[in-house]
Amino acid sequence: MTNVVYWPDVSHYQVKVNDQFARPFLMFKVSEGTTYVDPNAAANGAWCRANVGRGKKLVGYGGYHVWAPGNEQAQANLFFANAPVNPYLVAMIDVESWGGKNKGDNSKSITALANLFAAKLGQRRVKVYGNSGDLASLYPTRPSWLGVIKARYSSAAPPEPWVGWQYTDGSTQWPVLSGWPRSSAPFGNCDHNAYYGTVQQFAAEYGLPAPA
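Count along the sequence shown starting at 1, add 849, and that's the number in this note's numbering.
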């Protein structure tokens, strides 16, 4: 595959973004549950808003929210109170079991949260993230419009369907395809994701304004 879009996803475990960043998309943590806001969210969001659009570095940016069971409206309120909302924002719902803390079929809860996000952003600008096991157990019934970013630290892509693939956490213990990055300035090694296609195709898949 010749055309691949790469992007890191970051949180307070990394430094705040700055002008060293040179990829077309950045995903950063905004919130978790009903009360937690990532300490770097405001600074990362402000930089992204200043550097997105035609003639600028970014084609778009993403904010992710770590889902918790229940209180979906409060979770959505927390996210939108701290995310830089404009036509370039993509929201990603992070679905994980956290070592068994979250259990069972939570499809109704996660879809309710996704619908709240989509009501403000549109369906194409809402994605869900998780590994195959967590998605199968926690979110077995998903709406067809909700694109999936799958985590699989391997040089082999996870089974379809997916609209993004988290292929490394930056660690050298996991194999990556030749030439695929484990790091991005200024963050160093961290989670990295891939989309198979051009930047223009990526923007269309993620509901973003068409880039120049």
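Built from N, CA and C at the ideal position, the CB exists for glycine as well. A quick note: this is a predicted structure, and the numbers were derived from the prediction, not measured.
DSSP bridge partner residues for residue i (one or two, in chain order)
{"i": "residue 875", "result": "910"}
{"i": "residue 999", "result": "979 and 1014"}
{"i": "residue 1037", "result": "1033"}
{"i": "residue 940", "result": "912 and 975"}
{"i": "residue 1043", "result": "855 and 1014"}
{"i": "residue 886", "result": "880"}
The alpha helix (DSSP H) enclosing residue i, as first and last residue numbers
{"i": "residue 923", "result": "921–931"}
{"i": "residue 895", "result": "890–899"}
{"i": "residue 917", "result": "Segment: none, residue 917 is in no alpha helix (DSSP H) and carries neither H nor E."}
{"i": "residue 1005", "result": "Where residue 1005 is concerned, there is no enclosing alpha helix (DSSP H), given that its DSSP letter is neither H nor E."}
{"i": "residue 1053", "result": "1048–1054"}
Residue i versus residue j - alpha carbon distance
{"i": "residue 900", "j": "residue 1061", "result": "14 Å"}
{"i": "residue 953", "j": "residue 971", "result": "28 Å"}
{"i": "residue 869", "j": "residue 906", "result": "11 Å"}
{"i": "residue 978", "j": "residue 1000", "result": "7 Å"}
{"i": "residue 981", "j": "residue 1017", "result": "15 Å"}
{"i": "residue 1021", "j": "residue 986", "result": "29 Å"}
{"i": "residue 1057", "j": "residue 1002", "result": "27 Å"}
{"i": "residue 1026", "j": "residue 1005", "result": "8 Å"}
{"i": "residue 850", "j": "residue 1034", "result": "Any reading at residue 850 must be qualified, since the residue scores a pLDDT of 49, below 50, and its modelled position is unreliable; the value itself is stated next. Between residue 850 and residue 1034, the C-alpha separation is close to 24 Å."}
{"i": "residue 1019", "j": "residue 950", "result": "25 Å"}
{"i": "residue 993", "j": "residue 865", "result": "34 Å"}
{"i": "residue 965", "j": "residue 984", "result": "20 Å"}
Continuous beta strand (DSSP E) stretch holding residue i: start and end
{"i": "residue 957", "result": "Note, residue 957: premise wrong, no beta strand (DSSP E); alpha helix (DSSP H) at 956–970."}
{"i": "residue 854", "result": "853–859"}
Nearest-angstrom Cβ-Cβ length linking residue i and residue j, presumed shorter than 8 Å
{"i": "residue 1014", "j": "residue 1043", "result": "5 Å"}
{"i": "residue 912", "j": "residue 879", "result": "4 Å"}
{"i": "residue 998", "j": "residue 976", "result": "5 Å"}
{"i": "residue 1085", "j": "residue 852", "result": "Here the chain has residues from 850 to 1061 only, and residue 1085 is not among them."}
{"i": "residue 938", "j": "residue 991", "result": "Actually they are not in contact, since the Cβ atoms of residue 938 and residue 991 sit about 21 Å apart, beyond 8 Å."}
{"i": "residue 933", "j": "residue 894", "result": "4 Å"}
{"i": "residue 874", "j": "residue 889", "result": "At roughly 17 Å, the Cβ-Cβ gap does not stay under 8 Å, so residue 874 and residue 889 are not in contact."}
{"i": "residue 942", "j": "residue 963", "result": "6 Å"}
Test: residue i CB closer than 8 Å to a CB of chain E
{"i": "residue 889", "result": "You won't find chain E in this structure, because it holds only one protein chain."}
_Stretch-stretch touch, CB-based, cutoff 8 Å, three pairs: the segment 873–892 with the segment 924–941_ = yes
query = Would you say the segment 1036–1051 touches the segment 911–918, given that touching needs at least three Cβ pairs under 8 Å?
reply = no
- request: Take every Cβ of the segment 889–903, pair it with every Cβ of the segment 943–963, and state whether three or more of those distances are shorter than 8 Å.
  value: no
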